[in-house]
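At position 124 of the sequence shown (counting the first as 1) the number is 124 in this note's numbering, and the numbers step up by one without a gap.
Beta carbons are placed, not taken as given, at the ideal position from N, Cα and C, and that holds for glycine.
Note that this is a predicted model, so its numbers are computed, not measured.
A short worksheet on the structure shown next.
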Amino acid sequence: MTGSATEGAQPLRRRGAELEDAILRAAREGLVECGYAALTMDWIAGRARTSKAALYRRWSNRAELVVHAHGQLVRSLLSAPDTGSFASDVRTMLRSFADLMDSEYGELLRGVLAEVTRSPELAAEARKQLLESGPHLLDEIYRRGIERGEVRPELRGTRVMTVAHDLLRNEFMTRGTPIEDTAIEEILDTVYLPLVRAR
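Below is the structure:
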């Protein structure tokens with residue numbers, strides 16, 4: 001892709017959170033409209049109506065920016081449910097993720113995940129974010145489950161703790177959307193709860 005999304009448009013004077021939100025929104029729009037491979041920092045700057053230098057002051061490369069944009073969207077749309085029961089909390093969280101994947105966000109996520117296999121730079125940034133931030137929603141749910149004596153505390157922070165989310169993501173990537181309630185129930189009751197339930 002050459003040029004920018006709004007060729008010739010005058011930059012807007014914005015700073016701080018307002019400017020950062022505009023840049024992240026532009027990055028997400030670019031992923032949906034043209035895909036990661038064709039997306040450039042010039043395009044994002046043009047769509048956000050700012051300078052390319054403003055992008056590089058915040059993110060060192062396109063991959064870092066895209067992964068940050070993805071993470072911000074997830075955090076803004078989802079929160080950890082608190083129903084009073086670990087199983088119910090996880091079920092609610094999985095349903096929320098499934099519904100999100102059946103929206104425009106699902107197209108964005110599919111594009112990013114597809115590019116991870118072709119772009120070492122993007123893969124490295126995606127791994128880095130996962131290692132630094134962790135599955136924050138599930139961790140909060142799991143912490144409350146430990147406090148109520150419902151789950152095994154030694155599994156917090158391990159791969160086992162994230163199995164339900166990992167299986168849902170696999171369902172999304174291999175079978176598409178919408179994800180049925182029966183799939184969520186199978187993930188939860190057949191696989192996940194028997195692994196993590198307190199003994």
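### Task
Can you give me the start and stop residues for the alpha helix (DSSP H) that L55 sits inside?
On the sequence shown, position 55 is the one that residue 55 refers to. Unbroken alpha helix (DSSP H) run through L55: K52 to Y56.
### Query
Closer than 7 Å: is that where the CB of E18 sits relative to any heavy atom of the ligand FMN?
The ligand FMN is absent from the structure shown, which contains no ligand whatsoever.
### Query
Secondary structure at R25, three-state DSSP: helix, strand or coil?
The count along the sequence shown starts at 1 and reaches residue 25 at position 25. For R25, the secondary structure class from DSSP, reduced to helix, strand or coil, is helix.
### Spatial neighbours of G134 in its chain, beta-carbon cut-off 7 Å, leaving aside the 5 residues before and after
Sequence index remark: in the sequence shown, residue 134 carries index 134 (1-based). Note that G134 scores 47 on pLDDT, short of 50, meaning its location in the model is unreliable; the coordinates nonetheless yield the value given after this. The answer is none, since no qualifying residue turns up.
### Task
Grab the span of the alpha helix (DSSP H) containing V66 for me, first residue to last.
The residue labelled residue 66 in the question sits at position 66 within the sequence shown. Note, V66: alpha helix (DSSP H), R62 to L77.
### Message
If I measure Cβ to Cβ from E140 and keep anything under 8 Å in the same chain, skipping five residues before and after, which residues do I get?
### Response
Working through the sequence shown from its first residue, we reach residue 140 at position 140. For E140, same chain residues with a beta-carbon under 8 Å away, outside a window of 5 residues either side, are A80 in chain order.
### Task
Could you have a look at R197 and say whether DSSP puts it in helix, strand or coil?
Counting from one through the sequence shown, the residue named residue 197 turns up at place 197. In the structure shown, R197 adopts extended strand secondary structure according to DSSP, grouped into three states.
### Message
Between the alpha carbons of A37 and E150, how many angstroms are there, rounded?
### Response
Working through the sequence shown from its first residue, we reach residue 37 at position 37. Working through the sequence shown from its first residue, we reach residue 150 at position 150. Rounded to whole angstroms, A37 to E150 spans 45 Å at the Cα level.
### Query
Taking the alpha-carbon positions, what's the A126 to V116 distance?
Taking the first residue of the sequence shown as 1, we reach residue 126 at position 126. Taking the first residue of the sequence shown as 1, we reach residue 116 at position 116. Near 8 Å, if we compare the C-alpha coordinates of V116 and A126.
### Alpha carbon of S76 to alpha carbon of L137, nearest angstrom
Here the question's residue 76 lines up with position 76 in the sequence shown. Here the question's residue 137 lines up with position 137 in the sequence shown. Our two residues, S76 and L137, have alpha carbons roughly 12 Å apart in a direct line.
### Message
By alpha-carbon positions, which one of W43, L24 and L168 ends up nearest to V67?
### Response
Stepping through the sequence shown from its first residue, residue 67 is reached at position 67. Cα-wise, what sits closest to V67 is L24.
### Task
Would you mind sorting Y266 into buried or exposed? The rule is 16 or more other CB atoms within 10 Å of its CB.
What is shown of the chain runs 1 to 199, which leaves residue 266 out entirely.
### Message
For L39 and H165, what's the separation of their Cα atoms in angstroms?
### Response
The residue you call residue 39 lines up with position 39 of the sequence shown. The residue you call residue 165 lines up with position 165 of the sequence shown. The alpha-carbon atoms of L39 and H165 are separated by roughly 28 Å.
### Query
For L131, which three-state DSSP category applies?
On the sequence shown, residue 131 is found 131 positions in, with the first residue counted as 1. Interpretation of L131 is limited by its pLDDT of 49, a score under 50 that renders its predicted location unreliable; the figure taken from the coordinates is listed afterwards. Three-state DSSP puts L131 in a helix.
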